[in-house]
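**Q** Starting off with a structure, shown below.
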Amino acid sequence: MIYWGVLIPILIILEFSRNTSAIGIYFIRSPESLVAPLHDEVVFDCTLNINVDNIKWLHNSKDFIHPAPIHTNSNSRLVVKVESIAETGDYQCVATIGASSLASTAATLSLATLKEFDNRSLLLSDDKFKITPGNTVALNCGKPIQSDPPALIQYYKNGQPLLRTTPVTSAGSVLLKNIQSEHTGHYTCSATNNILSQVVNSSMSLYLDVRSSHAALSPRFISKPSSLYIAQKYSNVSIECAPYGEPVPTVKWLGVHKNILINDNKTIIESGLLTIRNLSIEDSGVYDCIAENSYGKISHSITLQVQELPYVKNGPSETVVIDEGSSETLKCEAMGTPMPKIIWYLNGKPVNDTNILVKGSVLTLNNTKKYQAGFIQCFACNILGCSYWAAMIQVNPKQITQLTSQQHYYEDSTTRSPQRDRKDRNHKGKGRKKDKKKKGNEMVPPSQPNVTRLTENSVMVRWFVPPNDGLQIQFFKLQYKEVGGSWNTSSDDIQMHIRCYQVDKLLPDHYYIFRVAAVYSNADNKSGPTSKHFFLSRGPPNRSLIPPTLVSARAVDSTSILLEWEYLNSVLAPVQGFYVYYRATSTAGDYTKAIVDGQDTRVFVVTHLTPDTSYDLKLQSFTVHEASNFSTILTHKTFGEPKTSTDTPKWTDNIPDNVANNNNVYSTISGVKSLYVLLGAVAAVIGAIVLLIFFTVCIYSKRMSSHSNSPELNKSSEAVSGLEPLSMNGFALKNGKMVNGCTLPMSSDNTHGHTHPPNGYVIHPINITSNPLAPDAKNAIEISYLANHNNNCSENEINSLPRQAMPLPTDTQRTWHSKDAKDENYV
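Just so we're aligned: the sequence shown equals residues -22 to -1, 1 to 805 in mature numbering (1 follows the signal peptide of the UniProt record, and there is no 0).
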């Protein structure tokens, strides 16, 4: 019968899922640490998410060779017969895939042991204690010198086991609360190792005599309580401090910042016991217990050390391409408490190469050789365990070719002379002007996104676009994937003035990466850099941040609302900024989100709203790690559209100077009154010009009316009937006029005319797809990007068009205008 031994704690097993493989190959099951007695068998498992060529096993980092009866089953399972201490140590499996190898985390096999109690840690001043009723006392008989796995401590009163309901501290003590005369008796204890079925008894033997007494007694301990507690992150710890006295002493606790602790959702204070739940690294420190009665005072200091399993936060990219003979530096960023040690593996073995320099978390390949291609892993290890990051090294071999005489002549003739270089530097001709002209056609991509955890299934992604003179952005698309998986693209067209987006339906305990793609006015798109690897942890949000207090909301104009709020906790809990949520009150759909960077901002203008519409508005504060609860919801209505310029509401009085908004257009609001006066004057001049043009066109149209039925014109027009209008720089032609920012389909009525593409554009057929950023969607556009979706124009603009101007395409091929030079750049 195979004996499985005792597994490491469940929390440690779960944390091994943090092993990160950027290459998409990972271990489904890795060897797990076990404890076993002599003459027993243990089993180690090793399974990957793909089929591999071979699996071999290492013992203490060396190929496993031992005369003991050991065998494997299909190499993925190792059965070890434990005959001596020689079989103990670290076991590791290495999977071979082609010419490369990948190593698992190591598991430790140890012998089950139990030794006698360490009586030196038991500091008893007497074996008989007289205690008055109402006190709380802690009994601690110490621990065995060694026990693997940890022994179970059992206390007895007069030879009978104490009930399981008796509180036991993290130090192994038993608490007797509010003792009465029935607690009088003789107390002992023992330790049991369940694997060995072995019991050892402690030398502790004390007698409690519980009786009323009028003798004054200052606070004191039966035995000195433990001064050091070590616990893991996210666990709970119970710290004892149970002095007795006459009268019964009062006890108070001071936290790591010397503040008085009280009962809350983080700490529980009971008689003789302090319990801290859901430990974080910040809970580490010194806690003071102070006991006092009318005859004296005693204090005791306890150090709490919170440890965290190691994990690799960031490592080399998925594939590191290095030219043979060149150098490359790789970095591995790890977290954990104690700080983990970094160990580098190349193709399943610890790095041991004279051409590779390792300094902790930094590895440098010098004069890279072809044999150094394969899987590179950085393992982060501390006393709690290990995790790793895996990537692929690809070495490009040197290309050695013999030049022909023609090639030599070509290279010699194209060699640049110093005179030619000086002439180019001083050149100010057409070439320079051409380069400058091209600058306006540059597609400036979004920044690398930052990610905030909202829940165990959702995150908020935020980004920015640097100021530039390049092409105008029409909208954004957000893409994300699990590390090693394929890209997913958001179904929403994110409006160009929005800089954040919420991603839902993610899986906890997984690593994700994100990127933002911009779609420009020339219908091309470009992606920004990918985010850092983001680990989405399991569990509900901590919600330790205090939400902002939304003070007021007031209309700015027909499309904007000004928000003001307070956030009084910025000193104690600094934040990175605030998320603004808003939606029309009449709808029950998702909120639109906007971002406010900086913890000191207290006002924000929400723009691009619908006139004469009521909106629900709320806020969250956020840091890198979490977002707060929502503020209270305020509801406010935008102004209606003014009938004339004089009807504009007077909203500019008393507006704060430091107003933020989601399009960066309200940086200065106090000068808007004068702006309206200027706009009115300009409008009057434009109106006069329009009237003059109108009369001129009427006279000309009358003269040309006799030619309107020309057969030649109708014949040539029918050849292009049904084509959608040609767009240029984000505008479209409708009946010879520009429509603001909207690409409109060509009318299907009898309005005909020749249409020519603008300079630098040609007409290409293009397939319709549900995702314009799909990897296999070259020369394809998303269905929502077609003319019937109107390129993010508002519904009011669409409804204002004639019905014949909005035909719904029925064929699977459409005509699209794109630059020839950009066709190959479609994602």
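Think of the CB as a built atom: it goes at the ideal place given N, C-alpha and C, for glycine as much as any other residue.
Could you spell out where the beta strand (DSSP E) holding K504 opens and where it closes?
**A** Here the beta strand (DSSP E) through K504 covers 503 to 505.
**Q** I need the straight-line Cα distance from residue 813 to P294, nearest angstrom please.
**A** Beyond the ends of the chain as shown, which are -22 and 805, falls residue 813; an answer cannot be given.
**Q** Leaving out five residues on either side along the sequence, give the residues of the same chain with a beta carbon under 6 Å from the beta carbon of G163.
**A** Here the set comprises K135, N136.
**Q** Suppose you measure from the CA of S79 to the CA of N32; what does that come to, to the nearest Å?
**A** One C-alpha to the other measures close to 9 Å.
**Q** Helix or strand or just coil, what does DSSP make of L140?
**A** The answer is coil: DSSP assigns L140 none of H, G, I, E or B.
**Q** Confirm the yes/no value for this check: CB of G326, any heavy atom of the ligand ZN, distance under 8 Å.
**A** The model depicted lacks the ligand ZN and carries no ligand whatsoever.
**Q** Classify D261 as helix, strand or coil using the three-state DSSP reduction.
**A** Helix.
**Q** Among K291, L546, L154, L587, whose alpha-carbon lies nearest the alpha-carbon of L186?
**A** Comparing Cα-Cα distances from L186 to each of K291, L546, L154, L587, the minimum goes to L154.
**Q** Please name the residue in M474, K337, A194, P552 whose C-alpha comes closest to that of A572.
**A** If we check each option's Cα against that of A572, M474 comes out closest.
**Q** Output the distance between the C-alpha atoms of A605 and T66, rounded to the nearest integer angstrom.
**A** Cα to Cα, A605 sits roughly 47 Å from T66.
**Q** Here's the rule I'm using: 16 or more other beta-carbon atoms within 10 Å means buried, otherwise exposed. How should T565 be labelled?
**A** Exposed is the call here.
**Q** How would you write the range of the beta strand (DSSP E) that Q457 sits in, first residue to last?
**A** Q457 -> beta strand (DSSP E) spans 451 to 460.
**Q** Since V429 and F512 should fall inside the 8 Å C-beta cutoff, what is the C-beta to C-beta distance between them, to a whole number of angstroms?
**A** Right, their Cβ atoms sit about 4 Å apart.
**Q** Using only the alpha-carbon positions, how far apart do L456 and T74 sit?
**A** About 36 Å.
**Q** Among the residues of its own chain, which have a CB less than 7 Å from the CB of I150, if the five just before and after it don't count?
**A** The sequence as given places Gly at residue 150; Ile does not occur at that position. Correct list, in chain order: N118, K121, I131.
**Q** Within its chain, find whatever has a CB closer than 8 Å to the CB of S277; leave out the 5 residues flanking it on each side and keep chain order.
**A** Hits under 8 Å: D266, C267, I268, A269.
**Q** In this structure, how does DSSP classify K422 when only helix, strand and coil are distinguished?
**A** The sequence given here has Val at residue 422, not Lys. Coil at V422, not helix or strand.
**Q** Assuming V178 and E94 make a contact with CB atoms under 8 Å, what is their CB distance in whole Å?
**A** So it is a contact: roughly 6 Å between Cβ atoms.
**Q** Does DSSP put S530 in a helix, a strand or coil?
**A** DSSP places S530 in strand when its eight states are reduced to three.
**Q** Comparing C-alpha positions only, which one of V290, V72, V21 sits nearest to A358?
**A** Measuring from the Cα of A358, the nearest candidate turns out to be V290.
**Q** Are the beta-carbon atoms belonging to Y165 and L184 less than 9 Å from one another?
**A** Going by C-beta atoms, Y165 is nearer than 9 Å to L184.
**Q** Hey, how far is the Cα of T315 from the Cα of D482?
**A** Distance between the alpha carbons of T315 and D482: 31 Å.
**Q** Candidates K348, K319, Q285: which alpha carbon is nearest N325's?
**A** When each option's Cα is compared against that of N325, the closest is K348.
**Q** What's the C-alpha gap between A129 and S181?
**A** Cα-Cα distance, rounded: 16 Å.
**Q** Please state whether the Cβ-Cβ distance between E286 and I1 is less than 9 Å.
**A** Cβ distance not < 9 Å, so E286 and I1 don't count as in contact.
**Q** In the DSSP assignment, what residue or residues form a beta bridge with P328?
**A** Paired residues: Y323.
**Q** In the DSSP assignment, what residue or residues form a beta bridge with I109?
**A** Paired residue(s): V188.
**Q** Rounded to the nearest angstrom, what separates Y133 and L251 at their Cα positions?
**A** Roughly 18 Å separates the two Cα atoms.
**Q** Does the beta-carbon of G555 have 16 or more other beta-carbons within 10 angstroms, so that it is buried, or is it exposed?
**A** By the neighbour-count rule (16 or more Cβ atoms within 10 Å), G555 is buried.
**Q** Report buried or exposed for H614, applying the criterion of at least 16 other Cβ atoms within 10 angstroms of its Cβ.
**A** The residue in question, H614, is buried, as its Cβ has 16 or more Cβ neighbours within 10 Å.
**Q** Taking only three categories from DSSP, how would you classify Q350?
**A** Helix, per DSSP.
**Q** Is the beta carbon of I451 sitting closer than 9 Å to the one on A496?
**A** Yes, these two residues count as a Cβ contact at 9 Å.
**Q** Quick one, which of S190, L595, S148 has its alpha-carbon nearest Q158's?
**A** Of the listed residues, the one whose Cα sits closest to Q158 is S190.
**Q** Could you have a look at V668 and say whether DSSP puts it in helix, strand or coil?
**A** DSSP places V668 in helix when its eight states are reduced to three.
**Q** What three-state label does DSSP hand S365 in the structure shown?
**A** DSSP places S365 in strand when its eight states are reduced to three.
**Q** What residue range is occupied by the uninterrupted beta strand (DSSP E) comprising H586?
**A** Premise fails: H586 is in no beta strand (DSSP E) and is neither H nor E.
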